[in-house]
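Chemist:
Protein chains: 2
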Amino acid sequence: MVKLFKTLQGSKKSKARLGEIRTGHGVIKTPAFVPVATKGTLKALSPNFIKDIGIQVAFVNTYHLVTHPGCTVIEKAGGIHKFANLNIPLVSDSGGFQVFSLAKEKIKHFQADVRGDEEPLLVKISDDGVKFRSTYDGKLIEFTPEKSIEYQRKIGADLLMAFDECIPYGSTYDYSKRATERTHGWLLRCVGQVQSAKFKVQNENLKLKINNSLKTENCKLKINQYLYGVIHGGTYEDLRKKSAEFVVSQPVDGVAIGGVAVGESKKEMRDQVKWIADYLPKDRPVHLLGVGQFDDIIDLVKYGVDTFDCVEPTRLGRMGRIYKISNFKFQISNSEVDILKTIYKNNLEPVDKNCRCYVCQNFTKAYLHHLFKQKEILGYTLATYHNLWVMERFFDKIRILIANNQI
Amino acid sequence: MVKLFKTLQGSKKSKARLGEIRTGHGVIKTPAFVPVATKGTLKALSPNFIKDIGIQVAFVNTYHLVTHPGCTVIEKAGGIHKFANLNIPLVSDSGGFQVFSLAKEKIKHFQADVRGDEEPLLVKISDDGVKFRSTYDGKLIEFTPEKSIEYQRKIGADLLMAFDECIPYGSTYDYSKRATERTHGWLLRCVGQVQSAKFKVQNENLKLKINNSLKTENCKLKINQYLYGVIHGGTYEDLRKKSAEFVVSQPVDGVAIGGVAVGESKKEMRDQVKWIADYLPKDRPVHLLGVGQFDDIIDLVKYGVDTFDCVEPTRLGRMGRIYKISNFKFQISNSEVDILKTIYKNNLEPVDKNCRCYVCQNFTKAYLHHLFKQKEILGYTLATYHNLWVMERFFDKIRILIANNQI
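Structure, rendered in C-alpha cells:
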C-alpha cells in the first residue's frame, strides 16, 4: 500500500510544512483548502469549474448523505465520486458534528442522554453510540463507530473520520473528559471496523483473483480508504494533550483536530491547536475540522496543520459577501464586498481588479449586485466561484511562503 | 450597411427556409431557438456554457431590465452584451407583453384604460402609450413607442421590437381591431424614432470622424441595431392579414408575430400564423414571439418562421421537468422526465442514454433527483443545460430536414 502522506519540505521558521497526500483519486498538495460539498455538491458550482479554480479536494457530510440520498444508492453508483461527478480526492466526516450539533440544544432541554432503553424522542447518547430522529422526516437513525465507518465506506470518500463526539463549547471539565474518553473508545472500535472491513475485502479480492474476475476499480474503491482519528478534549489543555497523545499512538492514517471553532474566541480556538502542536505526527497528515478564515489559517499552518475544511467561502458567497483581498496582505483580516449594498448598483469595476478569475475578468460589481438583488442563481454561482478561487490562490501563496521559509 | 438576412435555401416541400441573420455580435443560422435571459441572465446557467450548448442568440425583456437594473447602468457598461457577458446576438422585446399582461387583469376590474388625465393608480392605456406602476416598487413607468425604442437602444440588443399592444385572448373583434390599429400607429412612430436616432448617431459619428476621435465600438453599438415590426390582429383572420400587410409594407428590418400563445388552443395559435404565411417577407427574418413547444415549432417553420423565443425549456428545467426525446421523433409531442418522482431515486441511468450533453454524459437520474429533492442549485443548472442542449439539437435537426427538403 502506498504511503498516504509525504513531507516535501519543512519551514525553517515554524512547524509549517509542504507535503503531498496521495489518494486513489489524485494527489493533494498541502497545505490545502477543503471546500465543503455537504450533500454531494459544492453548492451553486458546477463540477466542471473545479479544475479551473484549482480545487484539489472536497469534503462531504456523512450525516446529510446518509439521510439523503442514502448510502445504498451512492454505493450502487460506485461511490460518491462517480455519483456526484467529483473527480478529486474527497474527505467524509464521521457524522458526529451534525449529530451532536443537532442534539446539543435538545440535550439541554430534555436531558435526552440520561434516558433509559426506550427509543429516543429526539436524541440519545450512550457509550455505544447515538440514536436520533432525522431532522428531515423523523426516521430513527443510529450512529455508532461501526455504523459511521460503514456509512463512510459505502459513500466511498478517500479520507474517513473516526466517529467522535463534538463537545459543546462551555462544557465542564468533567463532561469534556468523559466525552473525550468516549471518543477514544470509539476510535478503537473504528480502527477495528476498518481493519476487519479491509481484511474482508482483501479476502474477497483474493477469491476474485483466484476466479480471475477481479475488477480493479471495485478493489480500489474499498481498499484505498484511509482513516483519520480525531483529537478532542474541549477547551482544556491537559485533555487536548492527552487526546493528541492517544490518537497519534493509534494505527490511524491521519490525524484530525475536532471540536474547535464551535463558539470559542479566536484566541481560544488557536490555543487548542497550539497546545498539541508538538504532539502532531510528522509522518501522517493533519486535518483541522471546520476552520477557514484567512487569519486563522495563516497562523495555524505554523503549528503543522495540512488541510482545512470550512463552509465559509461558499456560504458567504451565497450571501453576497465576496472576498476582496488586495495584494493578499494576509496578516490583516480579509475584507469583503457586501454586493447587496446600493453603493455597487452603478459600479462597473470588477470585485477585485487584481484578481484573474473568470468572474473578475468578465463581470462587474453592478452586474453581480443586480443578480443578487433579483435573486438570480447565477449570482450565487459567480460569488462561490470567486471566493473559492481566492481561497485556492491564498493556499498557493501559503505553499510558496513555506517553500521560502517565510512562515 | 450589411443586409440583416439572407435566405440560403428554401424547402421544396413548404415555406420552411434556411437562412442567416447577420448581426454585429455574430451570425444566427436559422431556423433558430432564442432562449430567454429575462433579466440579463439565462436563469441558472453560467455564460461560459453558451458555447458548449451551441446557443446562437438570446432574448432579454425590456420591461424587466428597465425596472432592474435600469437602462442607465447597462448603457454605461457598453450595452447588455458587455454588462451580462453575453457574447452572442441578442433580441429585446418592446416591453409591451409584460406591460399588458400585468395590466390585463387590472383593466378588467378597474377599467383603468378609460380613466381621464390623472396619473394611474395601476395602469392607463392611451393612444400615446402606457403608464403604469412598477410591480417591484410602485414607481410610475411610462412606455410609449419612442420610450420603448430608447430603452431598447440603451440596452443595446441587436434586434429590437416595435412597441405593441398584446391583445388579451378572448377580446372582441372591435377591441382587437382598435388595438391592432393602435399598434400600427405605434409602429410608424417606432420607425421614425429609430430613423431619427440613427440619423443623430450618424451625425455624431461624422463629427467624431472629423475630429479624428471615433471609437469603432461606440459607433457600431448604436448603428447595428435592427427593428422588427410586430404583426397583431388577435384571433381574427382578416385583422391578422391586414396587420401582416401593413407591417411588412413598412421599412422594418424584420417581422415578428405577436399576441399568440396567450391562452388559445394549439390549433387557434397555429392558425394565426398559417393565415399570414403568404404575407411574410422573403427578404427579411420572421420571428414568432413566445412559442417553443417541439410540435408547434416543427409545424410553424413550415409557414416561414425563422426564430422562436420561449421560456419553456429553461422554466421547465428549473421545475425538474427534463426533456427526453428518444431519437428525436418530433412528430409526436415531446416526453419529459419529472425528476422529482420517487421512481428516479435509485435510477442510475442518465436522463437520456442517446444524449451527448455534459449532463447525460456525467450525471444520473438518481443524482438529479437528489439535487432537486434537496433544492440544490446545481440541479437547476444541469436541467437547464440539458433542456437547452436538446432544444439546440432539435433545431440542428430541423435545419438538416429543410436542407433535405424533408419538411
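Residue numbers (our numbering), protein chains in the order written: chain A, 1 to 407; chain B, 408 to 814. For every residue, glycine included, the Cβ atom is placed at its ideal position computed from N, Cα and C. From a predicted model like this one, the values you see are computed outputs, not experimental measurements.
#1: To which residues of the same chain is A/T7 closer than 6 Å at the C-beta, ignoring the five residues directly before and after it?
#2: Tell me whether A/L289 sits in a helix, a strand or coil according to DSSP, three-state version.
#3: Which of the three DSSP states, helix, strand or coil, is assigned to A/K29?
#4: Buried or exposed: B/F606, going by 16 or more other Cβ atoms within 10 Å of its Cβ?
#5: Residues of chain E with CB closer than 9 Å to the CB of B/S453, please, in chain order.
#6: Can you tell me whether B/L493 is helix, strand or coil according to DSSP?
#7: Spell out the partners DSSP gives B/P442 in its beta bridges.
#8: So, do the region 477-485 of chain B and the region 454-464 of chain B have three or more beta carbon pairs nearer to each other than 8 Å?
#9: Can you tell me which of B/A569, B/K782 and B/I807 puts its alpha carbon nearest to the alpha carbon of B/Q600?
#10: Whole angstroms is fine: what's the gap from A/S134's alpha carbon to B/T749's?
#11: Who are the near neighbours of B/E671 in its chain, counting only those whose CB is closer than 7 Å to its CB and skipping five residues on each side?
#12: Within 10 angstroms of the Cβ of B/Q416, are there 16 or more other Cβ atoms? Answer buried if so, exposed if not.
#13: Between which residues of its own chain and B/Y751 is the CB-CB distance below 8 Å, once the five residues before and five after are set aside?
#14: Mind checking which residues open and close the alpha helix (DSSP H) that includes B/M798?
#15: Just the C-alpha distance for A/V291 and A/V273, rounded to the nearest angstrom, thanks.
#16: If contact means a Cβ-Cβ distance below 8 Å, which residues of the region 660-685 of chain B contact chain A?
#17: Relative to the C-alpha of B/T791, which candidate in B/L449, B/F504, B/C597 and B/N610 has its C-alpha closest?
#18: Cβ closer than 9 Å: which chain B residues qualify as neighbours of A/P69?
#19: Tell me, please, whether the CB atom of A/C219 is closer than 9 Å to any CB atom in chain B?
#20: Does the separation of the CB atoms of A/S94 and A/S148 fall below 9 Å?
#21: Output yes if chain B places a C-beta closer than 9 Å to the C-beta of A/R315; else output no.
#22: Measure from the C-beta of A/T172 to each C-beta in chain B and report whether the shortest distance is under 9 Å.
#23: Can you name the start and end residues of the alpha helix (DSSP H) that A/D338 belongs to?
#24: Interface residues of chain A around B/N448 at Cβ under 7 Å?
#25: Threshold first: 3 residues or longer. Then list the beta strand (DSSP E) segments lying entirely within the region 258-305 of chain A, N to C.
#26: Report the neighbours of B/F490 on chain A: residues whose CB is nearer than 8 Å to its CB, in chain order.
#27: Below 7 Å CB to CB, which residues in the same chain sit around A/Y279 once its five sequence neighbours on both sides are set aside?
#28: Give every residue of the same chain whose Cβ lies closer than 7 Å to the Cβ of A/E312, excluding the five residues on either side of it in the sequence, and list them in chain order.
#29: Between the C-alpha atoms of B/L707 and B/A668, what's the straight-line distance to the nearest angstrom?
#30: Taking C-beta to C-beta, are A/P285 and A/T30 nearer than 9 Å?
#31: Please decide whether B/T469 counts as near chain A, where near means a Cβ-Cβ distance under 9 Å.
#32: Could you have a look at B/N541 and say whether DSSP puts it in helix, strand or coil?
#33: Give the straight-line distance between the Cα atoms of A/Q250 and B/P442, rounded to the nearest whole angstrom.
#34: I need the straight-line Cα distance from B/F779 to B/N492, nearest angstrom please.
#35: Below 6 Å CB to CB, which residues in the same chain sit around A/S352 once its five sequence neighbours on both sides are set aside?
#36: Once DSSP output is grouped into helix, strand and coil, what is the label at B/A604?
Modeler: In short:
#1: The residues are R17 and G19.
#2: Assignment of A/L289 by DSSP, reduced to helix, strand and coil, places it in the coil class.
#3: In the three-state reduction of the DSSP assignment, A/K29 falls in the strand class, which pools E and B.
#4: The residue in question, B/F606, is exposed, as its Cβ has fewer than 16 Cβ neighbours within 10 Å.
#5: The chain inventory of the structure shown lacks chain E, comprising the protein chains A and B.
#6: Looking at B/L493 - three-state DSSP - the assignment turns out to be coil, as it is neither helix nor strand.
#7: Answer by DSSP bridge pairing, in chain order: B/C717.
#8: Taking 8 Å as the limit for Cβ pairs, the verdict is that the region 454-464 of chain B does not touch the region 477-485 of chain B.
#9: Looking at the Cα atoms, B/A569 is the closest of the given residues.
#10: Separation of A/S134 and B/T749 (C-alpha to C-alpha, rounded to the nearest whole angstrom) is 19 Å.
#11: Hits under 7 Å: Y576 and T642.
#12: B/Q416 is exposed by the Cβ-count criterion.
#13: Within the same chain, B/Y751 has close Cβ partners V744, K772, A773, L775 and H776.
#14: Taken as a continuous stretch (DSSP letters only), the alpha helix (DSSP H) holding B/M798 covers I784 to A810.
#15: So the two alpha carbons sit approximately 11 Å from each other.
#16: Cβ contacts with chain A come from no residue of the region 660-685 of chain B.
#17: Ranking B/L449, B/F504, B/C597 and B/N610 by Cα distance to B/T791 puts B/L449 first.
#18: Per Cβ cutoff of 9 Å: K752, N753, A773, Y774, H776, H777, K780 and Q781.
#19: Residue placement at A/C219 is poorly supported in this model, since its pLDDT is 48, which falls under 50; the coordinates still yield a value, given next. For A/C219, not one C-beta of chain B is nearer than 9 Å to its own C-beta.
#20: Yes. Within cutoff.
#21: A/R315 does not count as touching chain B.
#22: Taking CB atoms only, A/T172 has no neighbour in chain B less than 9 Å away.
#23: It is not in any alpha helix (DSSP H) - A/D338 instead sits in the beta strand (DSSP E) that spans S335 to D338.
#24: The sequence given here places Thr at residue 448 of chain B; Asn does not occur at that position. Here the neighbours are L371, E376 and L378.
#25: Counting whole runs of 3 or more residues, the region 258-305 of chain A contains the beta strand (DSSP E) stretches 286-288.
#26: Going along chain A in sequence order, the residues near B/F490 (Cβ under 8 Å) are T364, A366 and Y367.
#27: Within the same chain, A/Y279 has close Cβ partners K241, A244, E245 and V248.
#28: Excluding sequence positions up to five before and after A/E312, its CB lies within less than 7 Å of the CB of G292 and Q293, all in the same chain and listed in chain order.
#29: Approximately 13 Å, taken between the alpha carbons.
#30: A/T30 is positioned such that its CB atom lies closer than 9 Å to that of A/P285.
#31: Using beta-carbon distances, B/T469 does not count as an interface residue toward chain A, since no partner is under 9 Å.
#32: According to the sequence displayed, residue 541 of chain B carries Ser and not Asn. Residue state for B/S541 is assigned as coil, using DSSP reduced to three classes.
#33: A/Q250 and B/P442 have their C-alpha atoms some 59 Å from each other.
#34: Going by the C-alpha atoms only, they are around 28 Å apart.
#35: The identity of residue 352 of chain A in the sequence shown is Asp, whereas the question assumes Ser. Correct list, in chain order: K324 and C360.
#36: Residue state, collapsed to three classes: helix.
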